[in-house]
Every structure is written in C-alpha cells, then in structure tokens.
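**Student:** With my numbering as the guide, the letters of the sequence shown map in order to residues 256 to 544.
Note that CB positions come from ideal geometry on N, CA and C, so glycine has one too.
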Amino acid sequence: MLMALVPEKMVGFSSLDLGQEAASFLPEALRKMPKYGRLAGRASSLSLERLVALRPDLIVDTGNMDAAWISAARRISTQTQIPWLLFDGRLIQSPHQLLNAGALLGAAPRAQRQAALAQRFIDQAQTFADTPAAAIRFYAARGPRGLETGLKGSIHTEAAELLGLRNVVEIPDRHGLTTVSLENLLAWQPDIVLVQDTVTYQTLLSDPAWQGVEAVAQRRILFLSGLPFGWLDAPPGLNRLLGLRRLHAWLDPAVRSAFRQDMHDYSELFWHTTLSAAQYQQLTRTAPL
256 MLMALVPEKM VGFSSLDLGQ EAASFLPEAL RKMPKYGRLA GRASSLSLER LVALRPDLIV
316 DTGNMDAAWI SAARRISTQT QIPWLLFDGR LIQSPHQLLN AGALLGAAPR AQRQAALAQR
376 FIDQAQTFAD TPAAAIRFYA ARGPRGLETG LKGSIHTEAA ELLGLRNVVE IPDRHGLTTV
436 SLENLLAWQP DIVLVQDTVT YQTLLSDPAW QGVEAVAQRR ILFLSGLPFG WLDAPPGLNR
496 LLGLRRLHAW LDPAVRSAFR QDMHDYSELF WHTTLSAAQY QQLTRTAPL
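Below is the structure:
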C-alpha cells in the first residue's frame with residue numbers, strides 16, 4: 256500500500272523480491288529500493304535492532320487483524336517505541352485502507368483517486384456476483400505441482416469470490432492455504448482453473464494426470480501474469496484489485512471492452528508508470544511465453 260500511496264516516504268520493502276522482469280514495470284526509484292526483511296510472523300528476518308537503526312517514523316501494515324497479529328504488533332511497537340498502523344487487509348476494504356492511510360500520511364488527494372478506482376472495481380464486481388454468469392466453480396492452482404491452493408474465504412482467493420465465483424476447496428472454520436490431491440480435483444471438477452505462476456501453468460499442461468481435470472483438458476485456464484506482483488495474492492494486497500478486474504473482464508464482455516483503459520488507469524495510479532503497448536500485451540497474455 257505504501258508503494259502505491261506514498262513511495263517517496265518509504266525506507267524500503269519488507270520481503271518483496273522483484274525480479275528483473277517484474278521490476279521493469281516500476282519507476283527506477285522503486286526498482287532500487289532496498290529490501291530489509293519481514294518483521295513479524297514465522298518468516299520474520301528483520302531484527303528489532305536493525306529496525307530501530309532505520310529510524311522509521313511509522314510502521315504501516317495491511318493484512319490479518321486476528322488477535323495473534325495484533326498482539327505481535329503491539330509487542331514490537333512497545334519494544335521499539337515506533338507506532339504500528341495496522342489496516343484490515345480484506346480486498347473489499349481497499350478503498351477504506353487508502354482513504355484512511357492517505358489522510359494519516361498526507362496523501363489525501365492521491366488516495367481519493369486510488370480509492371475511487373478501487374471502489375468502482377469492487378462495486379461492479381459485486382453487481383456481477385448477483386448475475387447468473389457468476390455461477391462458476393473455480394480452483395486456484397499454486398506451487399510447482401499446482402496442488403497448493405487457497406481455501407474458501409481466504410485472502411488468497413478473495414478476488415474470485417468477490418465476483419461471486421465458488422471456490423471448490425472448502426474446510427469449515429479454516430481460512431488460509433492448504434494442499435489438495437489430484438484425486439480431490441478429479442472429484443471436484445472445477446469449471447475453471449486460475450493460475451498466476453508460469454511453472455504452475457506449465458505443470459498443468461504437461462502432466463498427464465492433470466488432463467483428467469476437464470477444465471485443464473479443455474484449456475479453461477486463466478493465466479494472470481503475476482507481474483509486477485501477484486494478481487490474486489503474493490502479496491495479498493492492493494495488487495489484487497487488478498486480478499479482480501482481469502477476471503471480471505474475462506467473464507464479462509462489457510468489462511472486457513474497457514479493460515485496457517482500466518489497466519492503464521491502475522498502472523498510473525498504483526505503479527506510478529505509464530504502460531507501453533508492448534507492456535500491456537505482455538501483462539494480458541493468456542499464457543506464459
């Protein structure tokens with residue numbers, strides 16, 4: 256969110272690792288920004304001593320609002336004496352995240368423009384969710400074998416579910432990532448498969464076992480480029496707005512006709528860059544090169 260809203264006020268990224276291809280879509284100042292590591296959670300790699308040495312005025316976090324995460328944020332803030340600002344990271348809350356952060360960080364005009372675009376994408380997605388066209392069952396394939404996925408209600412599949420699509424992977428009272436088997440998928444037979452990683456996409460096409468999944472055999476696979484950030488998650492932030500719109504455009508001809516302009520608006524507002532025709536074609540290709 257900070258990269259979209261106030262890139263000039265950032266001291267660096269946390270764990271975001273931009274490859275050369277992904278970085279090419281961002282301004283040079285962002286491409287050169289250092290990466291310091293995660294601050295909390297199981298993959299934490301930034302020490303509190305290093306954090307204090309960076310002398311930030313504020314820690315801004317968008318994500319889970321569960322008790323464990325709030326407790327960790329309070330503990331780190333108390334130990335370092337650095338205020339921690341935590342926003343509800345649900346996709347549907349994107350406009351509120353932007354408006355509130357913009358007001359606090361002195362970027363209200365930019366936040367208002369970003370929030371307006373986000374709200375339009377979300378409102379139109381929710382309208383689509385009430386139509387018969389949304390009666391589609393999906394599976395979001397992740398990982399080298401395509402068998403990792405987000406459970407129904409997770410931040411990893413929120414973009415598709417906001418459009419009214421039904422996630423075939425559901426475990427009561429659980430919301431996160433899980434691993435399934437091909438036997439599960441053969442039984443579920445989703446209508447479409449969503450992919451945002453080249454390795455996963457190639458596995459689906461080349462592994463004979465996957466051809467038993469009718470959606471794969473009939474190439475009902477939507478490849479979301481995942482550049483410069485994942486469009487479904489990775490990370491599960493504002494970048495999902497673009498995945499939401501791309502999937503909506505794939506399903507709705509009326510949105511499809513305006514998607515090119517929508518994507519240009521998004522790239523200018525959130526990536527601070529103007530896409531060339533070649534870059535647009537690269538990002539919207541239906542299969543990896």
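Using the Cα positions of residue 504 and residue 302, report the straight-line distance between them to the nearest angstrom.
**Tutor:** In a straight line, the C-alpha of residue 504 is about 43 Å away from that of residue 302.
**Student:** Roughly how many angstroms separate the alpha carbons of residue 517 and residue 401, rounded to a whole number?
**Tutor:** About 30 Å.
**Student:** Let's test the definition: count the other Cβ atoms within 10 Å of the Cβ of residue 426 and tell me whether it reaches 16, buried, or not, exposed.
**Tutor:** So residue 426 counts as exposed.
**Student:** Counting along the chain, where does the beta strand (DSSP E) carrying residue 394 start and finish?
**Tutor:** Residues 392-396.
**Student:** Run through DSSP, which three-state label would residue 343 get?
**Tutor:** Correct three-state label for residue 343: strand.
**Student:** With distances taken from CA atoms, which of 433, 434, 455 and 473 is nearest residue 445?
**Tutor:** Considering only alpha carbons, the answer is 473.
**Student:** According to DSSP, what are the bridge partners of residue 403?
**Tutor:** Its beta-bridge partners are 397 and 434.
**Student:** Helix, strand or coil for residue 467? Go by DSSP, reduced to three states.
**Tutor:** DSSP places residue 467 in helix when its eight states are reduced to three.
**Student:** List the endpoints of the continuous alpha helix (DSSP H) containing residue 478.
**Tutor:** Premise fails: residue 478 lies in the beta strand (DSSP E), 476-478, not in any alpha helix (DSSP H).
**Student:** What do you reckon, are the CB atoms on residue 458 and residue 399 nearer than 9 Å?
**Tutor:** Cβ atoms of residue 458 and residue 399: closer than 9 Å.
**Student:** Is it buried or exposed for residue 259, if we count other Cβ within 10 angstroms and need 16 for buried?
**Tutor:** Per the 10 Å Cβ criterion, buried.
**Student:** For the pair the stretch 478-485 and the stretch 262-280, tell me if three or more CB-CB distances fall below 8 Å.
**Tutor:** Segments in contact, yes.
**Student:** Secondary structure at residue 329, three-state DSSP: helix, strand or coil?
**Tutor:** Helix, per DSSP.
**Student:** Have a look at the DSSP bridge pairing and note the partners of residue 316.
**Tutor:** Its beta-bridge partners are 341.
**Student:** State the start and end residues of the unbroken beta strand (DSSP E) segment that holds residue 450.
**Tutor:** That run of the beta strand (DSSP E) goes 447-450.
**Student:** Touching or not, the stretch 415-435 and the stretch 383-390, by the rule of three or more beta carbon pairs under 8 Å?
**Tutor:** Enough Cβ pairs lie closer than 8 Å, so yes.
**Student:** Please report the residue range of the alpha helix (DSSP H) in which residue 505 lies.
**Tutor:** Here the alpha helix (DSSP H) through residue 505 covers 495-506.
**Student:** Starting from the Cα of residue 342, find the closest Cα among 261, 354, 334 and 331 and give me that residue.
**Tutor:** Checking every option, the nearest Cα to that of residue 342 belongs to 354.
**Student:** Please report the straight-line C-alpha distance between residue 311 and residue 337, rounded to a whole angstrom.
**Tutor:** Taking the straight line joining both Cα atoms gives about 7 Å.
**Student:** Three-state secondary structure (DSSP) at residue 290?
**Tutor:** Correct three-state label for residue 290: strand.
**Student:** Would you mind working out which of 432, 491 and 449 sits nearest residue 475, comparing C-alpha positions?
**Tutor:** Looking at the Cα atoms, 449 is the closest of the given residues.
**Student:** Check whether the Cβ atoms of residue 487 and residue 412 lie closer than 9 Å to each other.
**Tutor:** Result yes, Cβ atoms of residue 487 and residue 412 sit closer than 9 Å.
**Student:** Where does the unbroken alpha helix (DSSP H) through residue 258 begin, and where does it stop?
**Tutor:** Residue 258 -> alpha helix (DSSP H) spans 257-260.
**Student:** Alpha carbon to alpha carbon, how far is residue 441 from residue 491? Give it in angstroms, no decimals.
**Tutor:** Each residue's alpha carbon lies about 28 Å from the other.
**Student:** For residue 287, which of 460, 296, 265 and 293 has the nearest alpha-carbon?
**Tutor:** The shortest C-alpha separation from residue 287 is found at 265.
**Student:** Could you pull the start and end residues of the alpha helix (DSSP H) that residue 381 belongs to?
**Tutor:** Note, residue 381: alpha helix (DSSP H), 363-384.
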